[in-house]
Amino acid sequence: MAFHQLAINAAKYGALSTPEGCVGIRWWAEAGSEDATLVVEWREEGSPQVSPPQRQEFGSRLIERALAPDLGGSAALVFDPEGVVCTIRAALPDATQ
Numbered sequence: 446m447a448f449h450q451l452a453i454n455a456a457k458y459g460a461l462s463t464p465e466g467c468v469g470i471r472w473w474a475e476a477g478s479e480d481a482t483l484v485v486e487w488r489e490e491g492s493p494q495v496s497p498p499q500r501q502e503f504g505s506r507l508i509e510r511a512l513a514p515d516l517g518g519s520a521a522l523v524f525d526p527e528g529v530v531c532t533i534r535a536a537l538p539d540a541t542q
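Shown next, in the form of structure tokens:
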């Protein structure tokens with residue numbers, strides 16, 4: 446659901462609203478002292494000038510507040526002038542066993 450929301454916003458207002466824009470998605474695992482963490486990064490490039498919204502909309506709240514606790518991690522949205530960057534961290538409790 447989070448990626449769906451990011452894609453809709455990118456198509457309406459962000460990188461996917463211009464022919465030059467693109468979205469890159471990367472993921473990797475980080476080893477921790479107890480559990481590993483999955484990190485997923487959504488990065489928009491070539492978007493119109495981005496600025497933080499005046500108020501937090503449903504999609505932002507969904508990503509930052511609802512998604513993170515469900516995954517045992519965190520989520521952060523950064524409104525970089527080049528495009529939105531969303532970084533999601535999720536616990537991988539059984540990855541080190």
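Residue numbers for the sequence shown follow this note's numbering, beginning at 446 and rising by one. Quick reminder that beta carbons are idealized off the backbone N, C-alpha and C, glycines included.
A check of alpha carbon separations from glutamate 465 across Val495, Glu489 and Ala520 identifies Glu489 as the nearest. Looking at the backbone, the Cα of serine 505 and that of serine 478 are separated by about 30 Å. With fewer than 16 other CB atoms across the displayed protein chains lying within 10 angstroms of its CB, serine 496 is exposed. Exposure of isoleucine 470 is indicated by the presence of fewer than 16 other C-beta atoms within 10 angstroms of its C-beta.
DSSP lists Glu486 and Ala521 as the bridge partner or partners of threonine 532. Judged by their CB atoms, glutamine 450 and isoleucine 508 are nearer to each other than the 8 Å cut-off. Annotated three-state conformation of glutamate 475 is strand, per DSSP.
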